[in-house]
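A.B. asks: Before we start, here is the structure in question, set down as C-alpha cells.
Protein chains: 2
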Amino acid sequence: MTSTQTDPRLALVEQVRTAILRGEFAPRQRLIETELCERFGTSRFVARAALQELSAQGLVEFQRNRGARVRDISLDEAIEITEVRKLLEGLEAARAAERITRPEAAALRATLKDMRAAVNSAEMLRYSELNARLHAAIRDIAAHETSARLLQQLRDQTVRHRFSLSLVPGRPIVSLPQHEAIVAAVIARDPVAAERAMHEHLQSVIDAFKTLRGVARQP
Amino acid sequence: MTSTQTDPRLALVEQVRTAILRGEFAPRQRLIETELCERFGTSRFVARAALQELSAQGLVEFQRNRGARVRDISLDEAIEITEVRKLLEGLEAARAAERITRPEAAALRATLKDMRAAVNSAEMLRYSELNARLHAAIRDIAAHETSARLLQQLRDQTVRHRFSLSLVPGRPIVSLPQHEAIVAAVIARDPVAAERAMHEHLQSVIDAFKTLRGVARQP
DNA sequence: CGGAGAGGAATTGTCTACAATCCTGTCAAC
DNA sequence: GTTGACAGGATTGTAGACAATTCCTCTCCG
C-alpha cells in the first residue's frame, strides 16, 4: 500500500536540478521562490527547503536577503573540478578493474559498441548520453560510495562546460579511443592500466578546457 | 556600520557541527529540533534549516517523519573516505610544492618543529592539533578551492575514527617522519615527491584503519 | 504469560501571516 | 544633465500555529 511516499522536498530538488542541468534555468538567473511554487505546484516552504539543498550541492547560491540564483561555474572552476574528477574516476576505474564480473564486462562492451556507432553516424547527443552511461557503469562496478557521491555533485556542476566542449568539432574522435582504452583495461582486470587510462582521458578534457580558456581570452 | 550581519542559520550550523565534532552529540543520537532551539536559543525554523545543511554535508542524516540524527560513520566508510582524502591531499601537496613562497616555507618548518617537540613530550592532543594545522597550511598554499571544500567535509566525517586512531600507541612515531617527508618535498618544490609522500602518509592511515578493523572483528 | 491493538504523547512536516530588507523608478536640487 | 533622496513594490527572512505521523505504553484477549 505504502507506495514509497516520496518526499515532496526531494521531488522538487530533483525537478529543479533537472531544469538547471537542461539549461532551462540559466547561470546567474534568479530563482524566485514564488515562481518556483507556481511552476512546480508546491508551497513556498518546500521551495525554500529545496533551494537550500541545492545550495549545499553547489548548484545554487544564496545571497542574504537577495535570495537564490543558479550558480555560475567559471571555466577556471570547471578545470579545478575536472582535476578532482580525474583522481576520483581514476580510483573508480582501478576498483572496477578489480571487481568486474563477466556480465558487467559484456555490458561495458555493448555500450562501447553503441558509442562507436554514434560517432560513425555523428549523433552527438546520443554519444554524450552513452558517455554518461559508460561512466555510470564503471561507477556502479567500483561500488565506492564516497567517490560516487562526490562525483555526482562535481559532474552536475560542470554540465554546462561539458556541453560546450561537446560542440568542439572532432572531440568525440579524440575521446572514443580513450574510452576504448579504459574499457579494455577494466575488462583485462588491470587496475593500474585502468587508472592510467582514465587519467589520460580526463587530462585531455582538462587540456581541452584550457584551450577553450585561451580562445576566450583572445576574442 | 554593517557589522557583517552574520546569518543565524550559518551560525547555528557551525555550533552544531562543533558540538558533533567534539562528541557532545554522539553518533546515532537523535537531534530533536526543540532541544536544539532551547540549547542554542533559536527558533525551530532556523534549527531545521541548519540540520538540512548538515545533512547535505554528511554529518547528519534524516529519516522521513523521524527527524535528524548524528550520522554514524562505519569504519569501512572511514576507510573509503580516507582513500579519497589520499588522492585529494596528494593533489594539494603537489600544487603546494609548485606554489610555495619563502615565508610559507618558514611557517611549515616551524609547525613541523613544534610537532617534533610535542612527540618528544608525548603531548598527544597538541600533536593532533599541530597535525591539523600542517594539513591546513598545505591546503592554503595549494589554493585549490574545490578539493579544499570536499576535504573539509571528509575530514569532519572521519573525526571520530581519527581520534580512536590517535590513541593507538606509537602512532605519532610512525606519522612524524611521514610529515617530515611531505614538508621536505613541498619546500624542495618537488610536486611528484610531495604527492608521493602524502600518498604514503595517508596509505599508512588506511592500513592502520584496516588493522583496527581486523582487531574489532576478532574480539 | 505473551502478543496485538488502541490511545495518547511526542515529534516532525507544512502552511499562513507578518516583519525586514532590497531594488526600482520618480522627482527635485544642484 | 547628473546626482541624491525617498517612496512604493517586490522579495526574502522569521515566527508561530496547526496537521500528520510515529513511537511508546498500557490494556485486553488468547
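Going down the list, the protein sequences come from chains R and X.
This note's numbering numbers the first residue of the first sequence as 1 and each following residue consecutively.
This note's numbering numbers the first residue of the second sequence as 220 and each following residue consecutively.
From the three backbone atoms N, C-alpha and C, an ideal C-beta is built for every residue, glycine too.
Chain X beta carbons: is any one of them nearer than 9 Å to that of T111 of chain R?
C.D. replies: Here residue 111 of chain R is taken as the residue at index 111 of the first sequence, counted from 1. It does not; no Cβ of chain X falls within 9 Å.
A.B. asks: May I ask you to verify whether the segment 104 to 116 of chain R touches the segment 398 to 408 of chain X, counting CB pairs closer than 8 Å and requiring at least 3?
C.D. replies: As far as the Cβ criterion goes, the segment 104 to 116 of chain R does not touch the segment 398 to 408 of chain X, which means the pair count is below three.
A.B. asks: Residues of chain X with CB under 7 Å from D7 of chain R, in chain order?
C.D. replies: Residue 7 of chain R sits at position 7 when you count from the first residue of the first sequence. What D7 of chain R touches in chain X: R283.
A.B. asks: Counting only Cβ pairs nearer than 8 Å, list the residues of chain R close to T365 of chain X.
C.D. replies: In the second sequence, residue 365 of chain X corresponds to position 146, counting from 1. Going along chain R in sequence order, the residues near T365 of chain X (Cβ under 8 Å) are E77, E80, I81, E83, V84 and L154.
A.B. asks: Under the three-state reduction of DSSP, which class applies to E342 of chain X: helix, strand or coil?
C.D. replies: Against the second sequence, residue 342 of chain X aligns to sequence position 123. Coil, per DSSP.
A.B. asks: Would the beta-carbon of R267 of chain X fall within 9 Å of that of L373 of chain X?
C.D. replies: What you label residue 267 of chain X is simply residue 48 of the second sequence in a count that begins at 1. What you label residue 373 of chain X is simply residue 154 of the second sequence in a count that begins at 1. It is not a contact, given that the beta carbons lie outside the stated cut-off.
A.B. asks: Would you identify the three-state DSSP class for V70 of chain R, choosing helix, strand or coil?
C.D. replies: Stepping through the first sequence from its first residue, residue 70 of chain R is reached at position 70. Note: V70 of chain R maps to strand in three-state DSSP.
A.B. asks: Report the residue from R:A56, R:L75 and R:A78 whose alpha carbon sits nearest the alpha carbon of R69 of chain R.
C.D. replies: For the purposes of this step, residue 69 of chain R is taken as residue 69 along the first sequence, with counting starting at 1. Answer by Cα proximity: R:A56.
A.B. asks: According to DSSP, which residues form a beta bridge with R249 of chain X?
C.D. replies: Mapped onto the second sequence, residue 249 of chain X falls at position 30. For R249 of chain X, which the question treats as bridged, DSSP gives the partners X:R288.
A.B. asks: May I ask which residues mark the beginning and end of the alpha helix (DSSP H) holding Q178 of chain R?
C.D. replies: Sequence index remark: in the first sequence, residue 178 of chain R carries index 178 (1-based). Taken as a continuous stretch (DSSP letters only), the alpha helix (DSSP H) holding Q178 of chain R covers R171 to I187.
A.B. asks: Taking the runs of the alpha helix (DSSP H) that are 4 residues or longer, which of them lie wholly in the segment 86 to 123 of chain R?
C.D. replies: As far as the segment 86 to 123 of chain R is concerned, its whole alpha helix (DSSP H) runs of at least 4 residues are 102 to 120.
A.B. asks: Pull up the distance between the alpha-carbon of R196 of chain R and that of R415 of chain X, whole angstroms please.
C.D. replies: Locating residue 196 of chain R in the first sequence gives position 196, counting from the first residue. Locating residue 415 of chain X in the second sequence gives position 196, counting from the first residue. Rounded to the nearest angstrom, the two C-alpha atoms are 16 Å apart.
A.B. asks: Residue range of the alpha helix (DSSP H) that E53 of chain R falls in?
C.D. replies: Position 53 of the first sequence holds residue 53 of chain R. Looking at the DSSP string, the run of the alpha helix (DSSP H) that includes E53 of chain R is R44 to A56.
A.B. asks: Under a Cβ-count criterion, where at least 16 other Cβ atoms within 10 Å of its own Cβ denotes burial, should G41 of chain R be classed as buried or exposed?
C.D. replies: The residue labelled residue 41 of chain R in the question sits at position 41 within the first sequence. Burial call: exposed.
A.B. asks: What first and last residue would you give for the beta strand (DSSP E) that runs through F25 of chain R?
C.D. replies: Numbered from its first residue, the first sequence carries residue 25 of chain R at position 25. Here F25 of chain R belongs to no beta strand (DSSP E), and DSSP marks it neither H nor E.
A.B. asks: If we cut at 9 Å on Cβ distances, does L310 of chain X have a partner in chain R?
C.D. replies: By one-based count along the second sequence, residue 310 of chain X stands at place 91. Taking Cβ atoms only, chain R reaches closer than 9 Å to L310 of chain X, which makes this a yes.
A.B. asks: Any C-beta of chain R sitting closer than 9 Å to the C-beta of S222 of chain X?
C.D. replies: As a position in the second sequence, residue 222 of chain X is number 3, starting the count at 1. A caution first: S222 of chain X carries a pLDDT of 36, below 50, which makes its placement in the model unreliable, though a value can still be read off. Not closer than 9 Å to any Cβ of chain R, the Cβ of S222 of chain X fails to qualify, so no.
A.B. asks: Taking only three categories from DSSP, how would you classify V168 of chain R?
C.D. replies: Taking the first sequence and counting its residues from 1, one reaches residue 168 of chain R at position 168. V168 of chain R falls in the coil class under three-state DSSP.
A.B. asks: Let's test the definition: count the other Cβ atoms within 10 Å of the Cβ of T225 of chain X and tell me whether it reaches 16, buried, or not, exposed.
C.D. replies: Sequence index remark: in the second sequence, residue 225 of chain X carries index 6 (1-based). Burial call: exposed.
A.B. asks: Can you give me the start and stop residues for the alpha helix (DSSP H) that T158 of chain R sits inside?
C.D. replies: Residue mapping note: residue 158 of chain R aligns to position 158 of the first sequence, counting from 1. Element bounds for T158 of chain R: n/a, residue is neither H nor E.
A.B. asks: Is Q57 of chain R close to chain X, meaning its C-beta is less than 9 Å from at least one C-beta of that chain?
C.D. replies: For the purposes of this step, residue 57 of chain R is taken as residue 57 along the first sequence, with counting starting at 1. For Q57 of chain R, the answer is yes, since a Cβ of chain X falls inside 9 Å of its Cβ.
A.B. asks: Closer than 8 Å to a non-hydrogen atom of the ligand MN - does that hold for the CB of Q178 of chain R?
C.D. replies: Among the components of this structure there are no ligands whatsoever, and the ligand MN is therefore not found.
A.B. asks: Out of R:E123, R:R126 and R:A19, which has the shortest C-alpha to C-alpha gap to P27 of chain R?
C.D. replies: Your numbering for residue 27 of chain R matches position 27 in the first sequence. Among R:E123, R:R126 and R:A19, the Cα nearest to that of P27 of chain R belongs to R:A19.
A.B. asks: Taking just the CA atoms, how far does P391 of chain X sit from L278 of chain X?
C.D. replies: As a first step, residue 278 of chain X must be located in the second sequence, where it is residue number 59. As a first step, residue 391 of chain X must be located in the second sequence, where it is residue number 172. C-alpha separation (whole angstroms): 27 Å.
A.B. asks: Between the segment 86 to 98 of chain R and the segment 158 to 172 of chain R, are three or more C-beta pairs nearer than 8 Å?
C.D. replies: The segment 86 to 98 of chain R vs the segment 158 to 172 of chain R: no contact.
A.B. asks: Rounded to the nearest angstrom, how far is the Cβ of V405 of chain X from that of A326 of chain X, given a contact under 8 Å?
C.D. replies: Within the second sequence, numbered from 1, the residue matching residue 405 of chain X stands at position 186. Within the second sequence, numbered from 1, the residue matching residue 326 of chain X stands at position 107. Contact doesn't hold; Cβ gap of about 11 Å is too wide.
A.B. asks: Just the Cα atoms here: how many angstroms apart are L250 of chain X and C37 of chain R?
C.D. replies: Translated into positions along the second sequence, residue 250 of chain X becomes position 31. Translated into positions along the first sequence, residue 37 of chain R becomes position 37. Rounded to the nearest angstrom, the two C-alpha atoms are 29 Å apart.
A.B. asks: Is DSSP giving A351 of chain X helix, strand or coil here?
C.D. replies: Translated into positions along the second sequence, residue 351 of chain X becomes position 132. A351 of chain X falls in the helix class under three-state DSSP.
A.B. asks: Just the C-alpha distance for R408 of chain X and I319 of chain X, rounded to the nearest angstrom, thanks.
C.D. replies: Taking the first residue of the second sequence as position 1, residue 408 of chain X is located at position 189. Taking the first residue of the second sequence as position 1, residue 319 of chain X is located at position 100. About 7 Å.
A.B. asks: Residues in the segment 252 to 269 of chain X with C-beta within 8 Å of chain R's C-beta atoms, listed in sequence order?
C.D. replies: Listed in sequence order: A268.
A.B. asks: Report back the beta-carbon spacing between E53 of chain R and Q376 of chain X to the nearest angstrom; my notes put them in contact at under 8 Å.
C.D. replies: Position 53 of the first sequence, counting from 1, holds the residue named residue 53 of chain R. Position 157 of the second sequence, counting from 1, holds the residue named residue 376 of chain X. In fact, because the Cβ distance is near 18 Å, the residues do not count as touching under 8 Å.
A.B. asks: Report yes or no: is there a C-beta of chain X within less than 9 Å of the C-beta of Q52 of chain R?
C.D. replies: Along the first sequence, read from residue 1 onward, the residue named residue 52 of chain R stands at position 52. Chain X, which has a Cβ nearer than 9 Å to the Cβ of Q52 of chain R, makes this yes.
A.B. asks: Could you tell me if L167 of chain R is buried or exposed, where buried requires 16 or more neighbouring beta carbons within 10 angstroms of its beta carbon?
C.D. replies: Within the first sequence, numbered from 1, the residue matching residue 167 of chain R stands at position 167. Answer is exposed; the Cβ neighbour count stays below 16.
A.B. asks: Quick check: is the beta carbon of L167 of chain R nearer than 9 Å to any beta carbon in chain X?
C.D. replies: Stepping through the first sequence from its first residue, residue 167 of chain R is reached at position 167. No, no contact with chain X.
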